[in-house]
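The UniProt record's numbering numbers the first residue of the sequence shown as 1 and each following residue consecutively.
Every residue gets a Cβ at the ideal spot worked out from N, C-alpha and C, and that includes glycine.
All values reported here derive from a predicted model rather than from experimental measurement.
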Amino acid sequence: MPSEPHAPDAARPAHWQDVAVRYPFADKAAVGPVKLTVEAGERLLLLGPSGSGKSTLLQTLTGLIPQSIPAHVEGSIRLFGQPVKERKPSGWAATVAQFFQDADQTLCGMRVEDEIAFALENRALPEKLIAQKVAKAMRRVGLPEEWRPRRTMTLSGGERQLVALAATLAQDAPLFVADEPTAHLAPEAANRLHRLLMETNEARSVLIVDHRLDHLIGLVDRVAVLGNGGTIVAEGSPGALFRDKRDQLDALGIWRPLASFLDAELQKVGLAPADPPLAVDDAIRHLEGASSAIVRKARTAVAAFVAANSARPFEDAGEQEIVARLVAADCAPFLGPTVLRNVSVDLRAGEILGILGANGAGKSTLGASLAGLLKLKRGRREGAPGGIAFQKPENQFVAGTAREEIATSLPRSALRSDHARQVDEILAAWDLAGPQDRHPFELSQGQKRRLALATLTAGDRWPLLVLDEPLAGLDANGAAMMSKHAEALRNSGRAIAIITHDMDFALRLCARSVIVGEGGLLAEGPTAQLLFDAEILKRAGLAEPAIAPAMRWLERAPEC
1 MPSEPHAPDA ARPAHWQDVA VRYPFADKAA VGPVKLTVEA GERLLLLGPS GSGKSTLLQT
61 LTGLIPQSIP AHVEGSIRLF GQPVKERKPS GWAATVAQFF QDADQTLCGM RVEDEIAFAL
121 ENRALPEKLI AQKVAKAMRR VGLPEEWRPR RTMTLSGGER QLVALAATLA QDAPLFVADE
181 PTAHLAPEAA NRLHRLLMET NEARSVLIVD HRLDHLIGLV DRVAVLGNGG TIVAEGSPGA
241 LFRDKRDQLD ALGIWRPLAS FLDAELQKVG LAPADPPLAV DDAIRHLEGA SSAIVRKART
301 AVAAFVAANS ARPFEDAGEQ EIVARLVAAD CAPFLGPTVL RNVSVDLRAG EILGILGANG
361 AGKSTLGASL AGLLKLKRGR REGAPGGIAF QKPENQFVAG TAREEIATSL PRSALRSDHA
421 RQVDEILAAW DLAGPQDRHP FELSQGQKRR LALATLTAGD RWPLLVLDEP LAGLDANGAA
481 MMSKHAEALR NSGRAIAIIT HDMDFALRLC ARSVIVGEGG LLAEGPTAQL LFDAEILKRA
541 GLAEPAIAPA MRWLERAPEC
C-alpha cells in the first residue's frame, strides 16, 4: 500500500516515487518498486523481515546508493523537494543526519570528542559552537564528560554505538535517519535514546528502523512495512497496524510489541480495549477496577500471555558436569586493562546461562573468558575450550560464500557426499539456502547473524557455546529459529552462555543468569528472580522485562 501525498514536494523531508534498486549481478531487485513519504515533523517506523531491503532503501536517500555503492536505481528520490542525484552524498550533510546499522562504518575519529565533532568540523561551524554541540550530544546520550579523550577503539560495541549516535544527534539536521540504532544498547540506554529521537519537534522528522518496539512504538506516528519482495505491503498507525495486520506481520516474521500479544489474548475473551494498547501497561490499566466477573475472564487471557512469554522453570544443574568454570578470575579484553575482578562462575552441561549488564560492563569480556579466548590477569579457568559467536558476525567469516562458510565449520573427515548433505541441511535449518552463493559480507545483518550462528553450532566440536548478542539484526522468525536451536543444543547436553540486552528474551530462554556491573558480578541466580529485583536492576543500569506489569497484575488479581 503506497503512501498518499499529504503536502507539496518542497515540504516533504523525504519522498520515494516508484523506486527500485538492483545490485550488480543480482537476478532480481533488492527493493521496489517503493512509493513512500516522510512528512514534515513525522516520526515514521520502517519494519520488514531480514533481507527485505530496509537498509538499501535508507542508503538511497542521500545517494550513497548508487554514487558510493554500485547499483541500478529506478524512480525518483527527493529530499525537501530536490532530486537526491543533484548532489553528492556529502552535500546533504547539513540536511540529513544518518546513523548506519553498523556503527563501526562511521567511526573515523581516534577519540570520542573527535568523532562527535567530525561532521560539524566538515561544515566549518565555529569552534565554540562545535564545542557546545559536542557537550550537548554527549549529555543527551549519557556519555560521561571524562570520555572525551578516550580512544574509540577501546570502547565496547554498545559504547561505540552510543558515540556514533551522539555524533549523529550533534548535527541537529531536520531529517534524522536511523538504522537499528539500539541493536547493541542496554535497556535503559535504548529507552533513553528512543525518547530523544522521538521528541516532538515540528522542525525535525525521523525515519527509524528498529526491532526493539516495546518502548518505541508509543512514540511513532506511522508504521510502514516492507515485505519479502521489497515493496510496501502495509502502512498505518501503530495501534491499528498491530491489531488489524497481526497475522500478516507474523507471517512475514516481523517483530510485534508484547502489548500486541496481550491484546490478542484479551480479544479472545472479548475484553480488548477499544484503542489498541501500545504497551503492556496500557492493556493492564484497562483492567483496573473491573468487576470480579471480568477479572475472572481476564485472568485466563493474561495468564496465557504470561505463560508464553516468561521463564522456563529453574532447574538446579548442580548434578550435571561442569563444562567451564572461572575461579577468582580477573578478566580483561585483549591488550586492555582489567574490567572484571574476582569473578567465580561455572557453566554446566545442558544449561543456558544469561550474561546481562549495561554497555561497557564487561559482558563480552566475561563471555570470551569463559570460552577460553582471553588470558586471565589472575585466577584460573577450568574446562575445555569453547566456541563463540562474536557480536560482529563479520569478525568470524573466512570463506567466499555462505555455503563455503558452513562447509569449513564441519569435520573434514566426512565423506564428500555426506558433507554436502550436511551443508544443505544446515542452510535449510537457518533459512540461508537462498543466499548460499553470496559472499557473507553481502548479506543483510540478519542473514549474517544467522550464518555466524549456523557455523558455530554446526557439528559437535564445542561443548561450550558463547553467543554474544545473538538477536541483533534478527527478525522475529530468525529469533525463534535461534531459540529453537539453542534449546536443542541444551537438550543435547551442550552448555550455552547468551550475552543479551533483551530482558524478555533472557527471561524466556535462560533459567539462570549473572548480572555484570561495578567491576564484577553483581548477582547470580534464577533469571525470574534477578529481573524483578529493583535494587539490582538499578545498580546494573537495566530495566525490568516489558512483561512485568502483566505478572504483577496476576499476583494481585483475585482468582475466584
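Answer yes or no: does any C-beta atom of chain D fall closer than 8 Å to that of residue 85?
-> As a matter of chain content, chain D is missing from the structure shown, which is built from one protein chain.
Boundaries (first-last residue) of the alpha helix (DSSP H) holding residue 302 | 292-309
Under a three-way DSSP split, which group does residue 35 fall into?
-> strand
Cβ-based burial, residue 108 [other Cβ within 10 Å; buried from 16] = exposed
Are residue 426 and residue 467 close, meaning C-beta to C-beta below 8 Å?
-> no
Runs of beta strand (DSSP E) lying entirely within the segment 204-235, each at least 3 residues, in chain order | 205-209, 222-226
Can you name, in chain order, every residue of its own chain whose Cβ lies under 8 Å from the Cβ of residue 274, other than the five neighbours on each side?
-> none
Report yes or no: do three or more beta-carbon pairs, one from the segment 511-524 and one from the segment 349-366, lie closer than 8 Å?
-> yes
Any chance you could list the beta strand (DSSP E) runs of at least 3 consecutive residues sitting entirely within the segment 351-397, in chain order?
-> 352-357, 378-383, 387-389
Counting Cβ pairs closer than 8 Å, one from the segment 70-78 and one from the segment 111-119, do we hit at least three?
-> no
Of the residues 191, 348, 93, which one's Cα is nearest the Cα of residue 325?
-> 348
4-residue-minimum alpha helix (DSSP H) runs that sit fully inside the segment 103-165, ordered along the chain = 112-122, 127-141
Backbone CA spacing between residue 222 and residue 240 [nearest angstrom] = 10 Å
Collapsed DSSP secondary structure at residue 526 in the structure displayed | strand
Output the distance between the C-alpha atoms of residue 303 and residue 292, rounded to the nearest integer angstrom.
-> 16 Å
Does the Cβ-Cβ distance between residue 402 and residue 388 come in under 8 Å?
-> no
Rounded to whole angstroms, what's the CA-CA distance from residue 541 to residue 551? Just pull it up for me.
-> 22 Å
So is residue 488 buried or exposed if we call it buried at 16+ other beta carbons inside 10 Å?
-> exposed
Quick one: what does DSSP say residue 487 is sitting in, helix, strand or coil?
-> helix
Do residue 531 and residue 458 have their C-beta atoms within less than 8 Å of each other?
-> no
Cβ neighbour criterion (16 or more within 10 Å) applied to residue 391 | buried
For the segment 414-460, which segments carrying the alpha helix (DSSP H) assignment without a break, of at least 4 residues, lie completely within its bounds, in sequence order?
-> 416-429, 445-457
Apart from the five residues on each side of it in sequence, which residues of its chain come closer than 6 Å, Cβ to Cβ, to residue 171?
-> 97, 119
Would you call residue 268 buried or exposed, if buried means 16 or more other Cβ atoms sit within 10 Å of its Cβ?
-> exposed
Report yes or no: do the segment 544-558 and the segment 279-289 share at least 3 C-beta pairs separated by less than 8 Å?
-> yes
Sort out for me which residues DSSP pairs residue 187 with in a bridge.
-> DSSP output for residue 187 lists no bridge partner at all.
Apply the 10 Å Cβ neighbour rule to residue 251 and answer buried if 16 or more other Cβ atoms are within range, or exposed otherwise.
-> exposed
From residue 155 to residue 142, what distance separates their C-alpha atoms?
-> 14 Å
Backbone CA spacing between residue 17 and residue 526 [nearest angstrom] | 52 Å
Going by the beta-carbon positions, is the gap between residue 110 and residue 152 smaller than 8 Å?
-> yes
Under the assumption that residue 281 contacts residue 549 (Cβ atoms under 8 Å), give the Cβ distance between them as a whole number of angstroms.
-> 5 Å
Would you decide whether residue 149 is buried or exposed? Buried here means 16 or more other CB atoms lie within 10 Å of its CB.
-> exposed
For residue 344 and residue 517, the rounded distance between their alpha carbons = 14 Å
How close, in whole Å, do the beta carbons of residue 262 and residue 283 come, if the pair is a contact with beta carbons under 8 Å?
-> 5 Å
Residues near residue 62 in its chain [Cβ-Cβ closer than 6 Å; skip 5 each side] | 89, 92, 96
Taking residue 564 as the reference, give the member of 64, 452, 474, 68 with the closest Cα.
-> With the chain running from 1 to 560 in the structure shown, residue 564 is simply not present.
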